[in-house]
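J.: Position in the sequence shown counted from 1, then plus 8, gives you the numbering used here.
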Amino acid sequence: MPQLAAGLSAEDLAAQSMPDASPGKWHLGHVSWFFETMILAGRPGYRVVDERLNAVFNSYYEALGERVERAERGLMTRPSLAEVMAYRAEIDRRMEAWLAEGPGDGLEPYLFALGLHHEQQHQELFLMDVLNLMSRSRLDPAAYEAEPRVVGEREARLGGWVSFEGGLTQIGAGDDGFAFDNERPAHRVWLEPFSLAADLTTNADWIEFIDDGGYRRAEFWLADGWARVKAQGWAAPLYWREEAGGWCVMTLTGRRPVDPTAPVRHVSFYEADAFARWSGRRLPTEAEWEQAARADPAAFSNLTGEVWQWTASAYAPYPGFCPTEGTAAEYNGKFMANQMVLRGGAFATPEGHARPSYRNFYYPHQRWMFAGVRLATDGAQVEDEGAHDAFRQDMIDGLSRRVKALPPKWFYDAEGSRLFEEITRLPEYYPTRQEAALLRRVAPEWAGRFGPDAVLVELGSGASEKTRIVLDAARDLAAYVPIDISPSALNEAAERIRADYPGLKVVPVVGDFEHLAPPPVEAGQGRRIGFFPGSTIGNLTPEAAIALLRSAREVLGEGSLFILGVDLVKSPQVLVAAYDDAQGVTAAFNRNLLVRANRDLGMDFEPEAFDHVALWNPEHSRMEMHLRAMRPMTVRLGKLAFRFAAGESIHTESSRKFDEGSVRALAQAAGWRLEAFEVGPDPAVGLALLVA
Ligand SMILES: C[S@@+](CC[C@H](N)C(=O)[O-])C[C@H]1O[C@@H](n2cnc3c(N)ncnc32)[C@H](O)[C@@H]1O
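Shown next as structure tokens:
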């Protein structure tokens with residue numbers, strides 16, 4: 009905590025912005041007081057540092073006597089900041105001596121762990137309270153230069169819903185490791201089938217709620233919540249303000265424009281609940297949240313590390329709840345009325361503090377916590393409606409950037425997949441023909457290394473045409489698992505392969521190869537052979553390509569093989585012609601992204617007002633495709649508007665070109681060994697065989 013306080017003035021640390029918040033100086037003293045009172049004072053003959061401090065730093069422990077009212081902590085000009093820091097130093101010294109002696113038996117080791125977790129809780133409270141204080145200043149001060157984030161980057165959105173069958177399950181902390189008393193005992197609960205949103209609710213979602221009259225329409229609100237809306241004039245999350253340029257928000261780094269892609273923060277339970285009702289969804293119960301977080305954490309983005317997530321569960325004791333013995337009995341149990349549970353963890357929650365069983369709790373009207381929303385819904389299957397969430401989010405994210413860009417995976421709706429197949433037959437588009445020819449040459453030898461009952465796992469399989477070359481060479485394959493983001497292309501290709509290879513088990517998976525899951529169990533346990541042709545790896549940034557190959561190695565397992573197709577660096581004339589063909593098929597493929605956005609997201613792009621541009625970028629060794637606005641225009645997505653200057657473009661695809669050295673470096677960075685690298689005739693492409 010002293011590190012968090014380091015850049016703040018003594019005045020910053022002394023003021024109290026509202027009754028729920030405490031001055032920084034108080035937090036600094038209170039956490040040391042906790043160690044002194046809960047641990048040191050229990051030792052025979054212990055003499056407290058200054059017994060008057062008990063009334064100052066006692067938060068809410070009735071058993072420890074009279075204390076300063078919470079709302080009056082801001083009057084604490086004495087002890088001074090220097091005296092509080094001296095008190096901390098003295099307690100640190102005494103605790104070090106206590107540690108050197110070794111904690112006693114009984115409750116002491118638990119109370120010590122409790123003291124550390126308590127300090128961590130106050131680190132987050134400290135940041136909440138500092139932000140609230142700064143928000144009250146007309147100067148919009150930045151408390152910190154950079155947001156004091158515990159976890160690095162926010163996790164990318166995954167899109168859609170994750171479904172669970174429900175049934176009898178267990179929640180709560182087991183006997184091992186530290187947990188607060190309120191997380192115990194572990195116990196059984198019955199869950200009906202439910203689905204949980206893969207991602208957190210964003211500011212863009214919230215703006216739609218606001219624009220649709222969310223704060224003016226009583227039908228979405230619980231009665232107590234609606235009373236708050238009216239009494240306190242709520243019209244947006246706490247710290248938001250509408251200015252000429254749009255919404256802005258007070259943060260720990262000062263006032264900033266609201267980032268539409270970021271998870272919404274600083275909403276109360278009442279707002280979260282109203283938002284869920286407006287969305288036609290609901291908040292998850294805490295048991296649903298915990299079950300989902302334990303069963304399939306990889307299926308969600310930002311379960312922790314961004315915002316605490318409101319649940320629909322009242323904060324109540326678990327069956328068999330038993331408060332910690334002694335004074336610490338007051339820690340959690342006595343607050344078990346009128347509050348709601350939040351799950352997860354926030355950017356300001358210290359590392360290692362959150363866990364799936366963690367129960368945070370606040371009153372339903374409170375908003376100064378780092379609290380947000382993850383929606384839930386009844387039933388294990390969510391209809392198609394959420395299917396465009398990830399596309400929509402990537403669109404908002406991509407068009408909000410200084411250099412507008414979209415991930416190329418959105419090219420491949422049914423029409424995009426069809427156009428891509430047409431491209432592969434164009435005279436200028438050499439990669440497909442050249443790669444197929446090279447594959448015919450190497451497949452017999454490489455397939456000889458697969459061994460019996462191997463499972464071919466293809467990433468971005470599209471029409472599965474090149475796959476046939478491998479299937480013909482490896483007649484004893486047990487199963488084929490094509491993975492593609494385009495359901496139409498995938499399912500049609502799977503049907504054709506089933507018909508032509510009747511002995512082969514075909515297990516198609518609709519999915520994003522950047523979020524690989526282990527092959528389905530039906531595929532069997534044979535050696536995994538990854539197959540990633542078409543130089544699709546070149547569409548990823550170098551970092552994303554390494555991440556993909558690393559996760560493929562993990563999912564395919566030790567001893568697996570991986571056949572990787574790459575396009576090679578060559579003359580820019582040949583490259584540009586391949587991406588800007590005379591018949592305009594590639595241009596249609598590129599513009600189809602806008603057609604798709606209009607259909608799936610209700611946008612109003614004029615595809616014909618965008619030029620298709622293909623250019624060679626020697627610095628990054630890649631071909632680039634862009635859609636360049638021919639004139640100034642504004643494009644809308646719901647209530648959001650995105651402006652284009654004349655000549656401004658959306659970067660829609662990069663296709664990195666390789667050589668043997670760059671492929672070897674890529675493979676090694678991801679934990680694979682380059683076993684063989686074969687190059688075909690001009691215009692040349694390469695095939696690499698990697699071994700895990
Ligand atoms: C350039 S095509 C290559 C198709 C085929 N493998 C070939 O070599 O001709 C890219 C394929 O990957 C799929 N794809 C693109 N991004 C994807 C992603 N993130 N996850 C899964 N499939 C993706 C597309 O639907 C398309 O079928």
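Heads up, the beta-carbon is just placed ideally off N, CA and C, and yes, glycines get one too.
1. When you compare each of 49, 78 and 47 to residue 23 by their alpha carbons, which one comes out closest?
2. First and last residue of the alpha helix (DSSP H) that includes residue 142?
3. Report yes if the CB atom of residue 695 is closer than 8 Å to the CB atom of residue 493, and no otherwise.
4. Report all residues from its chain with a CB closer than 6 Å to the CB of residue 290; omit the five preceding and five following residues, and keep chain order.
5. Give me the Cα-Cα distance between residue 71 and residue 308, rounded to the nearest whole angstrom.
6. Assuming residue 658 and residue 445 form a contact by the criterion Cβ under 8 Å, report the distance between their Cβ atoms to the nearest whole angstrom.
7. Please confirm whether any heavy atom of ligand 2 lies closer than 7 Å to the CB of residue 532.
8. Once DSSP output is grouped into helix, strand and coil, what is the label at residue 247?
9. Pairs of beta-carbons, one from the stretch 130-137 and one from the stretch 15-30, closer than 8 Å: are there three or more?
10. Alpha carbon to alpha carbon, how far is residue 1 from residue 280?
11. If distances are taken between C-alpha atoms only, which option among 673, 688 and 687 comes closest to residue 681?
12. So, helix, strand or coil for residue 590, using DSSP?
13. Rounded to the nearest angstrom, what separates residue 228 and residue 317 at their Cα positions?
14. Can you say whether residue 52 is buried or exposed, counting buried as having 16 or more other CB atoms within 10 angstroms of its CB?
15. Output needed for residue 408: all residues of its chain with C-beta closer than 7 Å, excluding positions within five of it in sequence on either side, in chain order.
16. Could you tell me which of 560, 483, 649 and 496 sits nearest to residue 513, measuring between CA atoms?
17. Is it the case that the Cβ atoms of residue 126 and residue 328 are separated by a distance below 8 Å?
18. Check each candidate in 286, 473, 43 and 257 and name the one with the smallest Cα separation from residue 273.
19. Where does residue 54 land, buried or exposed, given buried means 16+ other C-beta within 10 angstroms?
20. So residue 299 is in the beta strand (DSSP E); what residue range does that whole segment cover?
21. Within 10 angstroms of the Cβ of residue 154, are there 16 or more other Cβ atoms? Answer buried if so, exposed if not.
22. Start and end of the alpha helix (DSSP H) containing residue 35?
23. Measure the Cβ-Cβ separation of residue 619 and residue 643 and say whether it is below 8 Å.
24. Roughly how many angstroms lie between the CA atoms of residue 480 and residue 410, to the nearest whole one?
25. Going by Cα to Cα distance, which pick from 677, 606, 574 and 21 is closest to residue 83?
26. Please state the DSSP three-state secondary structure of residue 218.
27. What residue range does the beta strand (DSSP E) around residue 317 cover?
28. Pull up the DSSP beta-bridge partners for residue 579, would you.
29. Express the C-alpha separation of residue 678 and residue 576 in angstroms, rounding to a whole number.
30. Are there 16 or more other CB atoms within 10 angstroms of the CB of residue 664, so buried, or fewer, so exposed?
31. Could you tell me the alpha carbon to alpha carbon distance between residue 271 and residue 287, rounded to whole angstroms?
32. In terms of residue numbering, what span does the alpha helix (DSSP H) encompassing residue 234 cover?
33. Bridge partners of residue 697, per DSSP?
34. DSSP has residue 256 in a bridge; who is on the other side?
35. Below 8 Å on the Cβ atoms is my contact criterion, and I expect residue 382 with residue 298 to pass it. Report the Cβ-Cβ distance as a whole number of Å.
36. Pull up the DSSP beta-bridge partners for residue 352, would you.
T.: Considering the structure as presented:
1. 78
2. 116-143
3. no
4. 284 and 384.
5. 43 Å
6. No, residue 658 and residue 445 are not in contact; Cβ-Cβ is about 34 Å, not under 8 Å.
7. Judged by which ligands are present, ligand 2 is missing from the structure shown, whose ligands are ligand 1.
8. coil
9. yes
10. Residue 1 is absent from the structure shown; the chain starts at 9 and stops at 700.
11. 673
12. coil
13. 19 Å
14. exposed
15. 268 and 269
16. 483
17. no
18. 257
19. With fewer than 16 Cβ atoms within 10 Å of its Cβ, residue 54 is classed as exposed.
20. Counting along the chain, residue 299 falls outside any beta strand (DSSP E), though it belongs to the alpha helix (DSSP H) covering 294-303.
21. exposed
22. Residue 35 -> alpha helix (DSSP H) spans 32-46.
23. Inclusion of residue 619 and residue 643 in the CB contact set at 8 Å is not warranted, their separation being larger than that value.
24. A straight-line Cα-Cα distance of about 48 Å links residue 480 and residue 410.
25. 21
26. helix
27. 316-322
28. BP columns for residue 579 are empty, so no partner.
29. 20 Å
30. buried
31. In this structure, the straight-line span from the alpha carbon of residue 271 to that of residue 287 is close to 16 Å.
32. 231-240
33. Under DSSP, residue 697 shares a beta bridge with 571 and 684.
34. 249 and 265
35. Contact doesn't hold; Cβ gap of about 13 Å is too wide.
36. Beta-bridge pairing links residue 352 to 316.
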